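Asker:
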Amino acid sequence: MSNTTTVGGREVAVAIHSLGKHYAGDDGDVTALRSIDLDITTGDIYGIIGLSGAGKSTLVRCINGLERYDEGSLRVHGSEVKSLNAKELRSLRRGIGMIFQSFNLMPSRTVSGNIELALLDGDLDAKGRASRVKELLRLVDLSDKADNYPSELSGGQKQRVAIARALANNPSILLSDEATSALDPNTTKSILALLRRLHDTLGLTIVIITHQMSVIKQICNRVAVIDQGTIVEEGKVFDIFANPRAELTRSFVATTSNLDKVSDLMRERSPLVDLSGGRVLVRMRYVSKEVSESLVSHISRSFDIDVNIIFGDIDVVDDAPLGGLVVIISGERASIEAALAYLRERNIGIEVLQR
Numbered sequence: 003m004s005n006t007t008t009v010g011g012r013e014v015a016v017a018i019h020s021l022g023k024h025y026a027g028d029d030g031d032v033t034a035l036r037s038i039d040l041d042i043t044t045g046d047i048y049g050i051i052g053l054s055g056a057g058k059s060t061l062v063r064c065i066n067g068l069e070r071y072d073e074g075s076l077r078v079h080g081s082e083v084k085s086l087n088a089k090e091l092r093s094l095r096r097g098i099g100m101i102f103q104s105f106n107l108m109p110s111r112t113v114s115g116n117i118e119l120a121l122l123d124g125d126l127d128a129k130g131r132a133s134r135v136k137e138l139l140r141l142v143d144l145s146d147k148a149d150n151y152p153s154e155l156s157g158g159q160k161q162r163v164a165i166a167r168a169l170a171n172n173p174s175i176l177l178s179d180e181a182t183s184a185l186d187p188n189t190t191k192s193i194l195a196l197l198r199r200l201h202d203t204l205g206l207t208i209v210i211i212t213h214q215m216s217v218i219k220q221i222c223n224r225v226a227v228i229d230q231g232t233i234v235e236e237g238k239v240f241d242i243f244a245n246p247r248a249e250l251t252r253s254f255v256a257t258t259s260n261l262d263k264v265s266d267l268m269r270e271r272s273p274l275v276d277l278s279g280g281r282v283l284v285r286m287r288y289v290s291k292e293v294s295e296s297l298v299s300h301i302s303r304s305f306d307i308d309v310n311i312i313f314g315d316i317d318v319v320d321d322a323p324l325g326g327l328v329v330i331i332s333g334e335r336a337s338i339e340a341a342l343a344y345l346r347e348r349n350i351g352i353e354v355l356q357r
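The sequence shown begins at 3 in our numbering and counts up by one.
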């Protein structure tokens, strides 16, 4: 029986509560998932990140019934997954597409043939399948590769074929399990841009499993951090990046920024961080969506100080600046302190690294 809930006025596509999953091991049961609580609302691009073996792939496989959970509740559009019979489970899976790190394409079939495989159990006749395949190829920008074989494609093109196949039956949910981890950075960006476009045009709910925080940063609106089968932090992507609380989350966030490299410069006594003459080395972090001013030029003029940017790392997430700068500030001591106080009042995270 369907029992759909809402969060903030939006329908919950995937509701997970107190979920547990165990495996039999040589020395007793091994807990893969422990007390997982997540609500993924319709239209989310929801990221689940963790180290290898953290349980993230097990979790996503529970969503489409490939893994049977032992405890708790997992509802997809209101239906409890482990309560579904075989027919109902097949129907659920038709509404959930899935892509993987390995593309799982049949080498003996053309691009069109690989996509058509997903349609063979449906109601379309041969003409209808051909029309649907043509439409899917257009969606993933591979119309000119219809008659090519997988061996003739690049890794990115193979993943586009896999995406087209996953969308063949018009799913409302798309699961991506490390789908970009084997791709180079530029190809990863193009695949994520494609997923974003498909999300916007088709109204998909996307769940992205990854170990790369850069993937979360580029495409997701919410993220859960999983460690040893437990969610250690969850929230909006901007908030998680701006103020990570868990140690694992902080380590993931650090991989996407160069702001911590200043520690190496200080340890090496680099001339870039020479503080003679009363200068101050400061790390500035954008930690609030309310920041929109040109703060560096403003404090230079208003407080009669010089601000030398050593390096910076600023992206735009949810239409707000995220990241920060490492700067050396020189001027009168009182002016420097007043400028730092001004920045703190405007929700800029200030860390005086060295005087």
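We put the CB at the ideal spot given by N, CA and C, even for glycine. All values derive from a computational prediction rather than experimental measurement.
Report back the beta-carbon spacing between T112 and D149 to the nearest angstrom; my notes put them in contact at under 8 angstroms.
Answerer: Between D149 and T112 the Cβ distance is about 5 angstroms, and since that is below 8 angstroms, they are a contact.
Asker: Under a three-way DSSP split, which group does V135 fall into?
Answerer: Helix at V135.
Asker: Return yes when the Cβ of I38 is within less than 7 angstroms of the Cβ of I65, no when it is not.
Answerer: No.
Asker: Could you pull the start and end residues of the alpha helix (DSSP H) that Q220 belongs to?
Answerer: Q220 -> alpha helix (DSSP H) spans 215 to 221.
Asker: Less than 7 angstroms between the beta carbons of L144 and R162, yes or no?
Answerer: Yes. Within cutoff.
Asker: Taking all protein chains shown into account, decide if I316 is buried (16 or more other Cβ within 10 angstroms of its Cβ) or exposed.
Answerer: Classification for I316: exposed.
Asker: Excluding the five sequence neighbours on either side, which residues of its own chain have a C-beta within less than 7 angstroms of the C-beta of I338, listed in chain order?
Answerer: Cβ neighbours of I338 beyond the five flanking positions: V282, I307, I331.
Asker: Counting pairs of Cβ atoms below 8 angstroms between the region 233 to 242 and the region 215 to 224, do you hit three or more?
Answerer: Cβ pair count under 8 angstroms is three or more, so yes.
Asker: Mark I356 as exposed unless 16 or more other C-beta atoms lie within 10 angstroms of its C-beta, in which case mark it buried.
Answerer: It is worth fixing the name first, because residue 356 is Gln in this sequence and not Ile. Exposed, because fewer than 16 other Cβ atoms sit within 10 Å of the Cβ of Q356.
Asker: With DSSP as the reference, please indicate the residues paired to P323 in a beta bridge.
Answerer: P323 pairs with V318.
Asker: Check whether the Cβ of A340 sits closer than 6 angstroms to any heavy atom of the ligand MN, and report yes or no.
Answerer: With respect to the ligand MN, the structure offers nothing, as it holds no ligand at all.
Asker: Could you give the residue range of the beta strand (DSSP E) that holds K84?
Answerer: Counting along the chain, K84 falls outside any beta strand (DSSP E), and DSSP gives it neither H nor E.
Asker: Quick one: what does DSSP say F102 is sitting in, helix, strand or coil?
Answerer: Note: F102 maps to strand in three-state DSSP.
Asker: Note down the Cα distance separating I42 from Y48, rounded to an integer number of angstroms.
Answerer: Going by the C-alpha atoms only, they are around 7 angstroms apart.
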